[in-house]
Structure formats: structure tokens, C-alpha cells
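Participant: Position one of the sequence shown corresponds to residue 13 (the numbering used here), numbered consecutively onward.
Structure below; questions to follow.
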Amino acid sequence: TSTTYIIIGDGETQEGQVWEGVQFLAHNKLDNVIIFVDKNKRQLDGMTEEICNSFDLVAKFKAFGVESFAVDGHSVEEIYNGIQKAKEAKRPTVIVINTEKGHGCNFAEIKGFNHYMIISHEMADGAVAEIDNRLEKALC
């Protein structure tokens with residue numbers, strides 16, 4: 013059986029269709045579905061907690077009858093292990109990935125509100141160079 017992966021943001025969890033979908037997954041026991049919630053604490057019009065507190069997302073998803081847990085969204089190993097755990101759960105799973113918007117990219121790692129920004133070609137080239145540099149160091 014193939015696995016279906018869904019990626020949503022924490023701001024989207026303030027919308028009813030997310031919970032309708034999760035309820036459908038739980039009711040139909042669709043154990044081949046893994047949802048990632050990018051909990052970066054920001055949405056289009058401000059900080060998520062200031063717009064509408066989402067409270068404990070893991071507990072809310074569990075209350076809907078799906079498996080749910082949180083991982084460090086900046087750790088490839090934690091995300092990988094989370095996927096393996098989800099595949100063993102034998103029920104739909106929601107993995108809340110705690111992230112910081114712009115992590116690992118100097119110009120985007122700004123405190124406060126940075127949900128969207130215009131990126132120039134120079135900024136993009138610089139970001140690629142940063143990533144290449146980190147990968148090279150990690151592989152050595």
C-alpha cells in the first residue's frame with residue numbers, strides 16, 4: 013500500500029475543513045495517511061497564537077482518533093523516525109513538526125513576523141551557497 017503524505021501549516025488548523033478531514037481519516041481507518049503540520053507559529057496575517065490560539069495540537073488530533081506526536085522539524089533524523097513510527101501505528105497519523113521560519117538561511121532568520129518576503133536572485137543564490145556549505149561540512 014502506498015503512503016499519502018499531506019503537509020499543512022499550523023494556521024490552517026484554525027479552519028474547519030482540517031478537522032473534517034481528520035475525522036474522515038479516523039472514521040475510515042486510513043492507516044496509509046501521514047499528515048505533517050508545520051508548526052512555525054506564523055500565518056498570513058500575524059503570529060498564530062495572537063490570531064487564534066491553537067492550544068495543544070497533538071492532544072487535539074489524538075482526540076479525533078488519530079495517532080499524533082511532535083518532532084523537531086529541523087532534525088532530519090527525528091522526522092525520519094517519526095515517519096517510521098507513523099507507518100507502524102496502523103492508523104492515520106499527524107506529525108507536528110516544530111519549526112522556525114527561515115531556519116538555516118541567514119537573511120530569513122529574523123525574529124518577529126517573516127511569513128512572506130520577496131526574495132531576489134542574489135538572496136536565493138546566497139541561500140543555496142549556505143546550504144551547500146552546510147552539506148559539505150556535514151559530509152566531511
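Beta carbons are placed, not taken as given, at the ideal position from N, Cα and C, and that holds for glycine.
Distance check for ASN44 and GLN35, CA to CA, integer angstroms please.
Facilitator: 15 Å
Participant: Check whether the stretch 15 to 22 touches the stretch 39 to 57, counting contact only when three or more Cβ pairs, one atom from each stretch, lie closer than 8 Å.
Facilitator: yes
Participant: Which two residues bound the contiguous beta strand (DSSP E) that contains ASP50?
Facilitator: Element bounds for ASP50: 45 to 51.
Participant: By DSSP, does GLY23 sit in helix, in strand, or in coil?
Facilitator: helix
Participant: Leaving out the 5 sequence neighbours to the left and right, which residues in its chain are closer than 6 Å to HIS86 when beta-carbon positions are compared?
Facilitator: HIS115
Participant: Beta-carbon separation of ASN52 and GLY28 under 8 Å?
Facilitator: In this structure, GLY28 does not lie closer than 8 Å to ASN52 by Cβ.
Participant: Any idea if PHE67 is buried or exposed, counting beta-carbon neighbours within 10 angstroms, 16 or more meaning buried?
Facilitator: exposed
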